[in-house]
Amino acid sequence: MKKFFSFFLLLSVNACLYSEEINHMNLLEFLNSKQFFSSNFSQLTIQDFKEREVQGKIRANRMGKFKIEYFEPIQEVISADGTFLYKLDLELEQLDVVPQEDVFEGTPISLFTSTIQDLNNLYTVKPCIELEDILMCEILPKSEDSFLEKLYINFKDSSLHSLKYLDSFDQTVQLNFDRVTWLPFEDSELIISVPEGIDVVYH
Numbered sequence: 001m002k003k004f005f006s007f008f009l010l011l012s013v014n015a016c017l018y019s020e021e022i023n024h025m026n027l028l029e030f031l032n033s034k035q036f037f038s039s040n041f042s043q044l045t046i047q048d049f050k051e052r053e054v055q056g057k058i059r060a061n062r063m064g065k066f067k068i069e070y071f072e073p074i075q076e077v078i079s080a081d082g083t084f085l086y087k088l089d090l091e092l093e094q095l096d097v098v099p100q101e102d103v104f105e106g107t108p109i110s111l112f113t114s115t116i117q118d119l120n121n122l123y124t125v126k127p128c129i130e131l132e133d134i135l136m137c138e139i140l141p142k143s144e145d146s147f148l149e150k151l152y153i154n155f156k157d158s159s160l161h162s163l164k165y166l167d168s169f170d171q172t173v174q175l176n177f178d179r180v181t182w183l184p185f186e187d188s189e190l191i192i193s194v195p196e197g198i199d200v201v202y203h
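In my numbering, the protein residues as written are 1 to 203.
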């Protein structure tokens, strides 16, 4: 499960925010107002002084659905349809199918898939701090059993710029996104295309 969870999360962006100032009082409301999220990303993971960087693409919506594509050398695709989670590992030639349930509750992807009620139940937002041209907002999980230890969302020039978090596996993950849009997309764009010869494993 360690490898499985280490690939889930994600997020920094470069999209226009409200004209009003973002602060700890309205941050979750702002995120909730965005029903769709699409972006390319670069993810740097640090653990035991070892670094790994991967590129990818993400789409998510407030109905609990998303798709994350990791490019080489990872070659993985993770998708959720609100009922099941699908993890396609092209290197292993295997598709894992897992009941989605609350497997992503308290993980960064929930910032883009959960309702405002769930976000308020999951997280506490501390007062944001200005560091030169960056506005940094710290998010803490309310549950002691959360996958997250702490998370920072950074804004630059009125745009959501990056996301960094420490997880329960002592991993530090930095996500930087570009080409972000909040425009609607079809559910068909979240479906995984499974090549022939792939083994399907149900959990």
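Glycine included, every Cβ here is placed at the ideal spot set by N, Cα and C. Owing to the predicted nature of the structure, the values given are computational and were not obtained by experimental measurement.
Inter-residue spacing [alpha-carbon to alpha-carbon] between residue i and residue j
i    : j    : result
G197 : E93  : 7 Å
N26  : F155 : 14 Å
E105 : K142 : 11 Å
E132 : E72  : 35 Å
Y70  : V77  : 6 Å
S79  : K87  : 7 Å
K50  : Q171 : 10 Å
8 Å Cβ shell around residue i - same chain, five flanking residues per side excluded
i    : result
I208 : The structure shown has nothing for residue 208, since the chain only spans 1 to 203.
P99  : T83, F84, L85 and H203
H24  : V125, K126, P127, C128 and C137
K3   : In this predicted model, K3 has a pLDDT of only 44, less than 50, meaning its place in the structure is not dependable enough to derive any value.
Own chain residues within Cβ distance below 6 Å of residue i, not counting five before or after
i   : result
F37 : A60 and F112
E91 : Q75
Q55 : S42 and F71
Cβ-based neighbour list, residue i, same chain, cut-off 7 Å, excluding 5 preceding and 5 following
i   : result
L63 : The question names Leu, but residue 63 in the sequence shown is Met. Answer for M63: G82, listed in chain order.
Of the listed residues the options, nearest to residue i (C-alpha basis)
i    : options                   : result
V180 : P195, V200, K164 and S159 : S159
D199 : L131, S39 and V97         : V97
F177 : Q171, I22 and K57         : K57
V103 : L175, F147, S39 and D170  : F147
Outcome for residue i when other beta-carbon atoms lying within 10 angstroms are tallied against a minimum of 16
i    : result
K164 : buried
Which complete beta strand (DSSP E) runs does the region 156 to 181 hold, if anything under 3 residues is left out? Listed in chain order, they are 159 to 167 and 172 to 181.
At 3 residues or longer, and completely inside the region 72 to 135: list those beta strand (DSSP E) runs for me, N to C. Runs of the beta strand (DSSP E) inside the region 72 to 135: 76 to 81, 84 to 89, 94 to 99, 123 to 125 and 129 to 131.
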